[in-house]
Each structure stands twice: as structure tokens, then as C-alpha cells.
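Following my numbering from start to finish, the sequence shown increments by one per residue and tops out at 303.
Just so it is clear, CB atoms sit at the ideal spot from N, CA and C, and this is done for glycine as well.
Contents: one structure, followed by commentary.
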Amino acid sequence: MPAKLYDKEQILDACLVVFARYGYDKTSTVMLAEAAGISRSLIFHHFKSKKDLYLSLLDRCFEKGSIEIGFDNILGQGDFFEVKEKMSNIKFNYYRKNPELYKVIMEAFYNTPEELKMEIKEKYGKLIDKRNEVMEQLFEKIPLREGVYRKQAFEIIKLTLDYFENKYLSDLVEDENLNEAYFQNFVKERNGFFDIIRYGIQR
């Protein structure tokens, strides 16, 4: 039997395509084994279950994405608002080049299968909280007008980000392809909201 059939990385590559196409709930171990060109028993030799395989795949996606996107390197490249825009552009271009990875990430974190909710929260909750803390520290460097409470200002920013993230995801329900024109309009509209927050609405 060819060595590639036993290669764990190649198994994960094949399974990524299946999970991206069908989603976690509709994917069976038979489908995964067929895609990887191996038996179900060999799948279970490498991974305890479909859940374990999916979480291993998610770890790999997260690790590759973190390296490619270079989150830590971006933080010193401008103020809070500039960094957010740079991050959005880098993430968009990275996910557009890796559509299967993008679809798995979207399902895992924004449409989490019920069976995986506890595991994903435990595995990634602290990491996401840490990144949010870093962004909050970056926001600390933004000078504010007298009388503006920093904590309240950051909460408004987070609400705005949540609004646009949910809007972006809902717009992708019917069209799963990442569209450059839509993305640029999305960033422009979001930045317009940021400008209102930064500069106020009253003369």
C-alpha cells in the first residue's frame, strides 16, 4: 500500500475538503475514508473518532492561519483602527486563497455543531479572549476626548465589530464565495461607522 495512504497530513488535507463541502453533521467516517483513500479502521488508527479528527483538523487550520496571517506581527503596524483594517484585508486574502479552510473555520466558530460546542469553547475560548485582550491593549493607545470613558468606548467598538461580523456572515449564507467587491464595500462601510465613533456625530 502506498506510503501516502498512511500520511496523517494528507489524510487531514483530504478530510478538509469533505468537511468544507458537507459540514460536520452531514459528513460520515465512510465519506472521510473514501476521500483519503484508506479504510475506516485506518482513520480510527490515527483519530479516535470523527470528532477527534475534526478537532485535529481545526487545530491545524488555526495554526496555519495564525502563521500565515501573522497576527502578532500586525499589532505594531499602526493604531487600533489601522490594525483592524490590515487584519481584515490579510484574513480576507488568506481565506480567499484557502476556501475549504475558510468554510471549516466559519462552521466551527460561527455555526458550531452542537456536538462540538463544549470542546471548541474549551480549546479556543482562552486563545480568543487573549487576542481580544491584546486588541483592548492596542485601543489603550488611542487618545480620547475628556469625559469619554475608555471602557465604554471600547464596548461601542466591539458592538460595531459584532454587528458587521454578523452582517458579513449572513450575507454569505446564499453566496459562500468570498467576493472582492463586496468585501471592499464592507470594509468601507465599517470604517465609516468607526469614523462616526472616532469623530462624533454632533457639530
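For residue 137, which of helix, strand or coil comes out of DSSP? The sequence position of residue 137 within the sequence shown is 37, counting from 1. In the structure shown, residue 137 sits in coil (DSSP, three-state: anything other than H, G, I, E or B).
Any idea what DSSP makes of residue 198, helix, strand or coil? Walking along the sequence shown from the start, residue 198 turns up at place 98. Residue 198: coil per DSSP, three-state reduction.
Determine the burial state of residue 208: buried for a count of at least 16 other Cβ atoms within 10 Å of its Cβ, exposed for fewer. Indexing the sequence shown from 1 puts residue 208 at position 108. Classification of residue 208: buried, given that the 10 Å Cβ count is 16 or more.
Whose C-alpha, out of 152, 150 and 111, is nearest the C-alpha of residue 137? As a first step, residue 137 is located in the sequence shown; it is residue number 37 there, counting from the start. Among 152, 150 and 111, the Cα nearest to that of residue 137 is on 111.
Run the CB neighbour count on residue 164, radius 10 Å, all protein chains shown included, and call it buried at 16 or more, exposed below. Residue numbering aside, residue 164 sits at position 64 when the sequence shown is read from its first letter. Exposed, since its Cβ has fewer than 16 Cβ neighbours within 10 Å.
CB of residue 256 within 8 angstroms of CB of residue 239, strictly: In the sequence shown, the residue the question calls residue 256 occupies position 156. In the sequence shown, the residue the question calls residue 239 occupies position 139. No, the Cβ-Cβ distance between residue 256 and residue 239 is not below 8 angstroms.
Expressed to the nearest angstrom, what Euclidean distance is found between the alpha-carbon atoms of residue 299 and residue 292? Walking along the sequence shown from the start, residue 299 turns up at place 199. Walking along the sequence shown from the start, residue 292 turns up at place 192. Taking the straight line joining both Cα atoms gives about 11 angstroms.
Considering residue 302, what are the terminal residues of the alpha helix (DSSP H) in which it resides? As a working note, residue 302 is residue 202 in the sequence shown. Taken as a continuous stretch (DSSP letters only), residue 302 belongs to no alpha helix (DSSP H), as it is neither H nor E.
Mapping the DSSP letters down to three states, classify residue 127 as helix, strand or coil. Within the sequence shown, the letter at position 27 stands for residue 127. In the structure shown, residue 127 sits in coil (DSSP, three-state: anything other than H, G, I, E or B).
Can you tell me which of the three DSSP states residue 234 falls into? Position 134 of the sequence shown, counted from the start, is the residue given in the question as residue 234. It is helical.
Nearest neighbour of residue 266, chosen from 228, 159, 243 and 210 [CA to CA]: For this step, residue 266 is matched to residue 166 along the sequence shown. Minimum Cα distance to residue 266 is reached at 210.
Can you tell me whether residue 201 is buried or exposed? The criterion is at least 16 other CB atoms within 10 Å of its CB, across all chains shown. The residue you call residue 201 lines up with position 101 of the sequence shown. The residue in question, residue 201, is buried, as its Cβ has 16 or more Cβ neighbours within 10 Å.
With DSSP collapsed to three states, give me the class of residue 240. The residue given as residue 240 occupies position 140 in the sequence shown. Residue 240 falls in the coil class under three-state DSSP.
Any idea if residue 150 is buried or exposed, counting beta-carbon neighbours within 10 angstroms, 16 or more meaning buried? The sequence position of residue 150 within the sequence shown is 50, counting from 1. Buried, by the Cβ-count rule.
Determine the contact status of residue 127 and residue 140, defining contact as a CB-CB distance below 8 angstroms. Locating residue 127 in the sequence shown gives position 27, counting from the first residue. Locating residue 140 in the sequence shown gives position 40, counting from the first residue. Not closer than 8 angstroms, so no.
Taking Cβ positions, are residue 268 and residue 294 nearer each other than 8 angstroms? One-based indexing of the sequence shown puts residue 268 at position 168. One-based indexing of the sequence shown puts residue 294 at position 194. For residue 268 and residue 294, no; Cβs fall outside 8 angstroms.
Across the stretch 186-195 and the stretch 151-163, are there enough close Cβ pairs to call them in contact, namely three or more that are closer than 8 angstroms? no
Three-state secondary structure assigned by DSSP to residue 249: Counting from 1 along the sequence shown, the entry for residue 249 is found at position 149. Correct three-state label for residue 249: coil.
Quick one, which of 120, 297 and 107 has its alpha-carbon nearest residue 205's? Here residue 205 is taken as the residue at index 105 of the sequence shown, counted from 1. Residue 120 is the option with its Cα nearest to residue 205.
Rounded C-alpha distance that separates residue 242 from residue 283: Residue mapping note: residue 242 aligns to position 142 of the sequence shown, counting from 1. Residue mapping note: residue 283 aligns to position 183 of the sequence shown, counting from 1. When rounded, the distance between both Cα atoms is 26 angstroms.
To the nearest angstrom, how far is the alpha carbon of residue 228 from that of residue 145? Counting from 1 along the sequence shown, the entry for residue 228 is found at position 128. Counting from 1 along the sequence shown, the entry for residue 145 is found at position 45. Distance between the alpha carbons of residue 228 and residue 145 is about 31 angstroms.
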